[in-house]
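Here the sequence shown stands for residues 10 to 466, where the numbers follow the numbering used here.
For each residue, glycine too, the CB sits at the ideal point set by N, CA and C.
Computed from a predicted model, the values in this text were never measured in an experiment.
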Amino acid sequence: MSSPPARPPRRRPARRSAPPRPCVSAWPHRPVNPGEPRRAQGARRLRPRHPGRAGLRALHPAERLRHRPLPRGRRRLLHPPGRTDPHPARHRPRPRRRVRPRRAAAPGSGRGPLRGPRHAGRGAALRALCFVGLAFVQGPVAFTVVAACQAAAQSITAPVTQALVGTLADEGDRTRMMAVIRTVRNVGFSLGALAAAPLLLADGVWLNRGVLLGNAVAFVAAAVPVARLRLAAAPRPVTVRSPLAAFGAVRDWRYVCLTALNAVLALHMTLLAVGLPLWVTHHSDVPDALVPFLVLVNTVLAIALQVPFARGVTEPRSGARALRRAGLALAVCAALLAVPAGAAPAVAIGAVILSCVALTAGELWQAAGGWELSYAYAPEDRRTTYLSLFGLGTSAQDMAGPLVVALVLGVGSAGWLALAVVFVAAALLAGPVVPLLERRPSAPAPAEAASAAPTPG
10 MSSPPARPPR
20 RRPARRSAPP
30 RPCVSAWPHR
40 PVNPGEPRRA
50 QGARRLRPRH
60 PGRAGLRALH
70 PAERLRHRPL
80 PRGRRRLLHP
90 PGRTDPHPAR
100 HRPRPRRRVR
110 PRRAAAPGSG
120 RGPLRGPRHA
130 GRGAALRALC
140 FVGLAFVQGP
150 VAFTVVAACQ
160 AAAQSITAPV
170 TQALVGTLAD
180 EGDRTRMMAV
190 IRTVRNVGFS
200 LGALAAAPLL
210 LADGVWLNRG
220 VLLGNAVAFV
230 AAAVPVARLR
240 LAAAPRPVTV
250 RSPLAAFGAV
260 RDWRYVCLTA
270 LNAVLALHMT
280 LLAVGLPLWV
290 THHSDVPDAL
300 VPFLVLVNTV
310 LAIALQVPFA
320 RGVTEPRSGA
330 RALRRAGLAL
340 AVCAALLAVP
350 AGAAPAVAIG
360 AVILSCVALT
370 AGELWQAAGG
380 WELSYAYAPE
390 DRRTTYLSLF
400 GLGTSAQDMA
410 GPLVVALVLG
420 VGSAGWLALA
430 VVFVAAALLA
440 GPVVPLLERR
450 PSAPAPAEAA
460 SAAPTPG
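Laid out in structure tokens, this is it:
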């Protein structure tokens with residue numbers, strides 16, 4: 010029996026080549042098929058189906074990036090009309106936050122209260138709290154602690170206020186604004202002293218407490234508008250790793266030299282408060298009633314001439330000239346006080362009045378030059394720290410000044426002449442201080458620092 014003929018092998022039909030699928034990209038901003046139109050590319054930009062949590066754990070970390078949710082602005086390209094959104098909860102548009110209306114800003118202000126105004130306001134509030142403590146403190150130890158806290162708050166306020174004024178004012182108007190603030194402060198000091206004098210003379214505990222509490226209320230009233238100031242631009246954030254890092258400014262020996270020079274010229278404060286009254290008491294022919302008259306002359310001249318003396322101080326060179334004039338004026342003051350005790354009463358009275366006038370001129374020039382140079386050569390990112398270091402020179406003068414004045418009075422005329430020589434030396438050293446500070450390797454030039462500072466909008 011013959012076998013059936015073998016069938017020919019069955020040929021499978023050739024598979025039709027499927028059309029190329031569009032490339033699914035995890036980055037929708039990359040073109041899928043550059044040859045297609047933009048509208049067709051947007052329709053093809055589909056992401057692969059999400060594998061779920063279990064599938065994500067099984068994938069390679071590099072593959073998980075393809076399934077991460079994209080910003081809400083890409084949702085229209087990823088899921089065109091007619092397609093279902095695999096993650097509706099993730100791509101649901103969030104409700105817009107209600108924008109609150111901004112408060113009224115100060116002239117030349119911009120975006121909101123920043124750290125500088127807040128720090129100045131907190132310093133004033135802290136001083137108010139200290140005066141409240143002084144009104145109700147009991148015992149010498151507690152009084153010393155509260156008084157020390159008040160002195161610390163006062164020293165903190167000065168550099169913060171100077172930094173805030175430097176941010177609000179233009180480069181050439183910075184020193185004039187500081188002079189205006191000092192003039193207003195002297196006016197308030199004089200009016201407050203006149204108002205408090207009859208209350209302090211009265212015998213009453215609550216009257217004395219009322220004077221201190223009224224001073225605290227005045228500080229609170231001043232802290233509120235200062236804290237609400239708005240600056241034109243936010244300052245660059247500064248990271249402080251440790252409070253001890255602020256002592257790094259001491260390594261800048263050139264700036265320390267400027268601080269020491271200013272501390273020597275700031276001796277006029279001790280001369281007015283201690284030197285002139287003791288000089289008057291040492292001269293028996295000079296009436297003691299001349300002491301309040303000298304204080305009045307100093308106050309009136311400081312109020313009337315502080316702004317005119319600071320008007321020409323607009324850059325570091327003029328600041329150095331102001332310090333030089335301050336040293337020469339204080340030298341004239343010390344030389345006039347070298348009048349011997351046996352001099353005629355008219356000569357002694359004329360000498361002490363002229364010395365008070367020269368001392369006031371030195372005070373005004375020293376303040377203007379110190380403001381300009383201390384701010385111009387303080388680095389922008391550590392400006393408050395450098396200004397605090399500059400203020401330490403004044404604090405050192407407050408501690409060592411009475412001792413120096415006592416030594417000068419003990420020596421007599423020779424001591425006043427020696428002090429005049431010291432002031433002349435300080436005036437001569439004020440000239441090289443600007444080139445010395447400009448040669449610092451890491452310090453920016455004053456023009457660059459001023460251009461980098463925010464200006465009022």
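Review point. Which word fits Gln375, buried or exposed, when buried means at least 16 other C-beta atoms lie within 10 angstroms of its C-beta?
Key: Buried, by the Cβ-count rule.
Practice item. Could you pull the start and end residues of the alpha helix (DSSP H) that Tyr264 belongs to? Key: Where Tyr264 is concerned, the enclosing alpha helix (DSSP H) stretches over 262-274.
Check your understanding: Is there at least one non-hydrogen atom of the ligand HEM closer than 7 Å to the beta-carbon of Asn195?
Key -> By its list of ligands, the structure shown contains no ligand whatsoever, and the ligand HEM lies outside what it can speak to.
**Study point:** Beta-carbon gap between Leu337 and Ser364 smaller than 8 Å
**Key:** Result no, Cβ atoms of Leu337 and Ser364 do not sit closer than 8 Å.
Practice item. Keeping to the same chain, check which residues put their C-beta closer than 6 Å to that of Thr184; ignore five residues upstream and five downstream. Key: For Thr184, where only same-chain residues beyond five positions count, the Cβ hits under 6 Å are Ala319, Val322, Ala377, Trp380, Glu381.
**Study point:** Which listed residue (Leu446, Arg194, Thr403) has its alpha carbon closest to that of Gln315
**Key:** Ranked by how close their Cα comes to the Cα of Gln315, the residues Leu446, Arg194, Thr403 have Arg194 in first place.
Review point. Below 8 Å, can you find three or more Cβ-Cβ pairs linking the stretch 400-411 to the stretch 265-277?
Key: Three or more pairs of CB atoms, one per stretch, sit closer than 8 Å, so the stretch 400-411 contacts the stretch 265-277.
Practice item. Report yes or no: do the stretch 127-136 and the stretch 156-169 share at least 3 C-beta pairs separated by less than 8 Å? Key: At 8 Å Cβ cutoff, the stretches touch.
Point to revise | Pairwise C-alpha distance: Ala434 and Thr170 | key: When rounded, the separation of the alpha-carbon atoms in Thr170 and Ala434 is 31 Å.
Practice item. Determine the closest residue to Leu310 out of Val196, Ala298, Arg263, with distance taken between C-alpha atoms. Key: Considering only alpha carbons, the answer is Val196.
Check your understanding: Does the separation of the CB atoms of Ala367 and Val443 fall below 8 Å?
Key -> Against a cut-off of 8 Å, the Cβ pair of Val443 and Ala367 comes out as no contact.
Practice item. With DSSP as the reference, label His292 as helix, strand or coil. Key: DSSP, reduced to helix, strand and coil, places His292 outside both helices and strands of the structure shown, so it counts as coil.
Check your understanding: Of all the options Arg131, Arg263, Ala151, Leu208, which has the alpha carbon lying nearest to the alpha carbon of Arg449?
Key -> The shortest C-alpha separation from Arg449 is found at Arg263.
Practice item. From the DSSP output, in three-state form, read off Val348 for me. Key: Three-state DSSP puts Val348 in coil, outside helix and strand.
Exercise for review: Please report how far the alpha carbon of Glu180 lies from the alpha carbon of Ala409, in whole angstroms.
Suggested key: Spanning the alpha carbons of Glu180 and Ala409 requires a straight line of approximately 34 Å.
Practice item. Work out the CA separation of Arg391 and Ala282 for me, nearest whole Å. Key: C-alpha separation (whole angstroms): 33 Å.
Exercise for review: Assuming Phe145 and Phe228 form a contact by the criterion Cβ under 8 Å, report the distance between their Cβ atoms to the nearest whole angstrom.
Suggested key: A Cβ-Cβ distance of about 16 Å is found for the pair Phe145 and Phe228, leaving them out of contact under the 8 Å criterion.
**Study point:** Span separating the alpha-carbon of Val220 from that of Gly201
**Key:** Rounded to the nearest angstrom, the two C-alpha atoms are 10 Å apart.
Exercise for review: Determine the DSSP secondary structure at Ala178, reduced to helix, strand or coil.
Suggested key: In this structure, Ala178 counts as coil in the three-state DSSP scheme.
Check your understanding: DSSP three-state call for Thr403: helix, strand or coil?
Key -> For Thr403, the secondary structure class from DSSP, reduced to helix, strand or coil, is helix.
Practice item. Pick helix, strand or coil for Pro116, following the three-state DSSP scheme. Key: With a pLDDT of 34 at Pro116, under the threshold of 50, the modelled position of this residue cannot be trusted, and the question is left open.
Practice item. Could you tell me the boundaries of the alpha helix (DSSP H) in which Tyr384 lies? Key: 354-385 is the span of the alpha helix (DSSP H), which, as asked, contains Tyr384.
Point to revise | Three CB pairs or more closer than 8 Å across the stretch 145-155 and the stretch 292-303 | key: No: the two stretches stay apart, fewer than three of their Cβ pairs being nearer than 8 Å.
Check your understanding: In the structure shown, what three-state DSSP assignment does Gln171 receive?
Key -> Note: Gln171 maps to helix in three-state DSSP.
Check your understanding: Is Gly419 helix, strand or coil by DSSP?
Key -> Here Gly419 sits in helix by DSSP.
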